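Numbering-wise, the sequence shown is residues 24 to 163 according to our numbering.
Structure first, then comments.
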Amino acid sequence: MILYNLTKIIHLIAMISWMVGLFYLPRLFVYHCKVQKNSDCDLTFQTMEAKLLRIIMNPAMIITFISGLYLISFVGFAPWIHIKLVFVLCLAGFHGYLSSIRRKFINNKNDKSEKFFRIINEVPTILLIAIISIVVIKPF
24 MILYNLTKII
34 HLIAMISWMV
44 GLFYLPRLFV
54 YHCKVQKNSD
64 CDLTFQTMEA
74 KLLRIIMNPA
84 MIITFISGLY
94 LISFVGFAPW
104 IHIKLVFVLC
114 LAGFHGYLSS
124 IRRKFINNKN
134 DKSEKFFRII
144 NEVPTILLIA
154 IISIVVIKPF
(Lines of atoms letter the chains of each structure in order from A; the text may use other names.)
(Lines give C-alpha, C1' and ligand atoms only; values in the text may rest on other atoms or scores of the structure.)
Protein backbone atom coordinates (compact mmCIF):
# COMPACT_ATOMS: atom_id res chain seq x y z
CA MET A 24 0.00 0.00 0.00
CA ILE A 25 2.89 2.38 0.75
CA LEU A 26 4.36 1.80 -2.71
CA TYR A 27 0.97 2.40 -4.32
CA ASN A 28 0.50 5.71 -2.46
CA LEU A 29 4.06 6.82 -3.21
CA THR A 30 3.53 6.04 -6.89
CA LYS A 31 0.25 7.96 -6.86
CA ILE A 32 2.02 10.99 -5.33
CA ILE A 33 4.73 10.83 -8.00
CA HIS A 34 2.08 10.46 -10.70
CA LEU A 35 0.14 13.51 -9.49
CA ILE A 36 3.24 15.71 -9.15
CA ALA A 37 4.48 14.70 -12.61
CA MET A 38 1.04 15.23 -14.14
CA ILE A 39 0.73 18.69 -12.60
CA SER A 40 4.21 19.61 -13.86
CA TRP A 41 3.36 18.37 -17.34
CA MET A 42 0.07 20.27 -17.38
CA VAL A 43 1.80 23.47 -16.29
CA GLY A 44 4.04 23.15 -19.34
CA LEU A 45 1.11 22.39 -21.63
CA PHE A 46 -0.60 25.56 -20.37
CA TYR A 47 2.51 27.75 -20.49
CA LEU A 48 4.13 26.81 -23.82
CA PRO A 49 1.22 28.00 -26.01
CA ARG A 50 1.16 31.20 -23.93
CA LEU A 51 4.85 31.71 -24.75
CA PHE A 52 3.97 31.20 -28.42
CA VAL A 53 1.33 33.97 -28.15
CA TYR A 54 4.06 36.43 -27.25
CA HIS A 55 6.78 34.86 -29.39
CA CYS A 56 4.82 35.34 -32.62
CA LYS A 57 4.77 39.11 -31.95
CA VAL A 58 8.56 39.59 -31.91
CA GLN A 59 10.85 40.23 -34.86
CA LYS A 60 12.59 37.13 -36.23
CA ASN A 61 16.26 36.71 -35.26
CA SER A 62 16.00 39.48 -32.66
CA ASP A 63 17.28 39.15 -29.11
CA CYS A 64 13.68 38.62 -27.97
CA ASP A 65 13.22 35.85 -30.54
CA LEU A 66 16.32 34.05 -29.25
CA THR A 67 15.18 34.52 -25.65
CA PHE A 68 11.79 32.96 -26.42
CA GLN A 69 13.48 30.09 -28.25
CA THR A 70 15.65 29.42 -25.19
CA MET A 71 12.69 29.60 -22.80
CA GLU A 72 10.60 27.26 -24.96
CA ALA A 73 13.45 24.77 -25.39
CA LYS A 74 14.18 24.64 -21.67
CA LEU A 75 10.50 24.32 -20.78
CA LEU A 76 10.19 21.31 -23.09
CA ARG A 77 13.53 19.67 -22.30
CA ILE A 78 13.75 20.26 -18.56
CA ILE A 79 10.11 20.21 -17.41
CA MET A 80 7.61 18.94 -19.97
CA ASN A 81 9.39 15.92 -21.49
CA PRO A 82 10.54 14.40 -18.17
CA ALA A 83 7.15 15.13 -16.55
CA MET A 84 5.29 13.43 -19.40
CA ILE A 85 7.55 10.37 -19.23
CA ILE A 86 7.21 10.10 -15.45
CA THR A 87 3.43 10.55 -15.75
CA PHE A 88 3.23 7.67 -18.23
CA ILE A 89 5.54 5.34 -16.29
CA SER A 90 3.90 5.98 -12.92
CA GLY A 91 0.43 5.76 -14.49
CA LEU A 92 1.17 2.39 -16.04
CA TYR A 93 2.59 1.22 -12.73
CA LEU A 94 -0.60 2.32 -10.97
CA ILE A 95 -2.64 0.35 -13.49
CA SER A 96 -0.67 -2.75 -12.48
CA PHE A 97 -2.05 -2.27 -8.95
CA VAL A 98 -5.71 -1.74 -9.83
CA GLY A 99 -6.09 -3.45 -13.20
CA PHE A 100 -7.52 -2.18 -16.46
CA ALA A 101 -10.98 -0.98 -15.42
CA PRO A 102 -13.10 0.16 -18.41
CA TRP A 103 -12.89 3.84 -17.39
CA ILE A 104 -9.08 3.69 -17.63
CA HIS A 105 -9.37 3.03 -21.38
CA ILE A 106 -11.26 6.31 -21.80
CA LYS A 107 -8.78 8.16 -19.61
CA LEU A 108 -5.90 6.79 -21.69
CA VAL A 109 -7.50 8.09 -24.88
CA PHE A 110 -7.54 11.60 -23.40
CA VAL A 111 -3.99 11.21 -22.05
CA LEU A 112 -2.83 10.16 -25.51
CA CYS A 113 -4.52 13.28 -26.88
CA LEU A 114 -2.47 15.31 -24.39
CA ALA A 115 0.68 13.53 -25.57
CA GLY A 116 -0.25 14.29 -29.18
CA PHE A 117 -0.80 17.94 -28.26
CA HIS A 118 2.61 17.92 -26.57
CA GLY A 119 4.16 16.63 -29.79
CA TYR A 120 2.30 19.26 -31.81
CA LEU A 121 3.63 22.03 -29.55
CA SER A 122 7.12 20.63 -30.00
CA SER A 123 6.72 20.80 -33.79
CA ILE A 124 5.56 24.42 -33.53
CA ARG A 125 8.66 25.22 -31.49
CA ARG A 126 10.81 23.80 -34.30
CA LYS A 127 8.98 26.09 -36.74
CA PHE A 128 9.87 29.09 -34.60
CA ILE A 129 13.52 27.98 -34.59
CA ASN A 130 13.50 27.75 -38.41
CA ASN A 131 11.60 31.06 -38.78
CA LYS A 132 8.70 29.19 -40.41
CA ASN A 133 5.91 29.86 -37.95
CA ASP A 134 2.77 30.77 -39.88
CA LYS A 135 0.33 30.74 -36.96
CA SER A 136 -1.22 33.86 -35.45
CA GLU A 137 -1.48 35.10 -31.90
CA LYS A 138 -5.22 34.28 -32.01
CA PHE A 139 -4.46 30.69 -33.04
CA PHE A 140 -2.18 30.22 -30.04
CA ARG A 141 -4.76 31.78 -27.71
CA ILE A 142 -7.35 29.28 -28.96
CA ILE A 143 -5.16 26.16 -28.75
CA ASN A 144 -4.15 27.23 -25.26
CA GLU A 145 -7.59 25.93 -24.20
CA VAL A 146 -7.02 22.37 -25.48
CA PRO A 147 -5.20 21.08 -22.38
CA THR A 148 -7.86 22.61 -20.13
CA ILE A 149 -10.63 20.72 -21.91
CA LEU A 150 -8.67 17.46 -21.82
CA LEU A 151 -7.79 17.94 -18.15
CA ILE A 152 -11.46 18.46 -17.25
CA ALA A 153 -12.34 15.26 -19.11
CA ILE A 154 -9.56 13.26 -17.43
CA ILE A 155 -10.34 14.46 -13.91
CA SER A 156 -14.07 13.85 -14.43
CA ILE A 157 -13.45 10.28 -15.56
CA VAL A 158 -11.03 9.53 -12.71
CA VAL A 159 -13.37 10.92 -10.04
CA ILE A 160 -16.67 9.57 -11.40
CA LYS A 161 -15.33 6.23 -12.75
CA PRO A 162 -18.39 5.81 -14.98
CA PHE A 163 -17.73 2.17 -15.90
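The C-beta atom is built at its ideal place from N, Cα and C for all residues, glycine as well.
Owing to the predicted nature of the structure, the values given are computational and were not obtained by experimental measurement.
Residue i vs residue j beta-carbon contact at 9 Å
{"i": "L150", "j": "F110", "result": "yes"}
{"i": "S40", "j": "M80", "result": "yes"}
{"i": "L94", "j": "K31", "result": "yes"}
{"i": "Y47", "j": "F68", "result": "no"}
Nearest neighbour of residue i, chosen from the options [CA to CA]
{"i": "S90", "options": "H34, I143, R50, I160", "result": "H34"}
{"i": "V158", "options": "A73, M84, H105, F52", "result": "H105"}
{"i": "W103", "options": "I86, K138, R77, S156", "result": "S156"}
{"i": "S136", "options": "I124, V146, P147", "result": "I124"}
{"i": "K127", "options": "Y47, A115, F52, T148", "result": "F52"}
{"i": "D65", "options": "I129, P82, A37", "result": "I129"}
{"i": "H118", "options": "I36, L26, R77", "result": "R77"}
{"i": "I154", "options": "L26, M24, N28, M38", "result": "M38"}
{"i": "G116", "options": "N133, G99, I143, D134", "result": "I143"}
{"i": "A73", "options": "L121, E145, N133, I36", "result": "L121"}
{"i": "P82", "options": "I152, M42, S62", "result": "M42"}
{"i": "I86", "options": "L75, I36, I160", "result": "I36"}
Residue i classed as buried or exposed, judged by whether at least 16 other C-beta atoms fall within 10 angstroms
{"i": "A101", "result": "exposed"}
{"i": "K107", "result": "buried"}
{"i": "P49", "result": "buried"}
{"i": "P162", "result": "exposed"}
{"i": "F97", "result": "exposed"}
{"i": "M24", "result": "exposed"}
{"i": "L29", "result": "exposed"}
{"i": "L26", "result": "exposed"}
{"i": "L170", "result": "Limits of the chain in this structure are 24 at one end and 163 at the other, which puts residue 170 out of reach."}
Supposed contact pair residue j and residue i - C-beta distance, whole angstroms, cut 8 Å
{"i": "N131", "j": "K57", "result": "The pair is not a contact, with the Cβ atoms about 14 Å apart (cut-off 8 Å)."}
{"i": "P147", "j": "L114", "result": "6 Å"}
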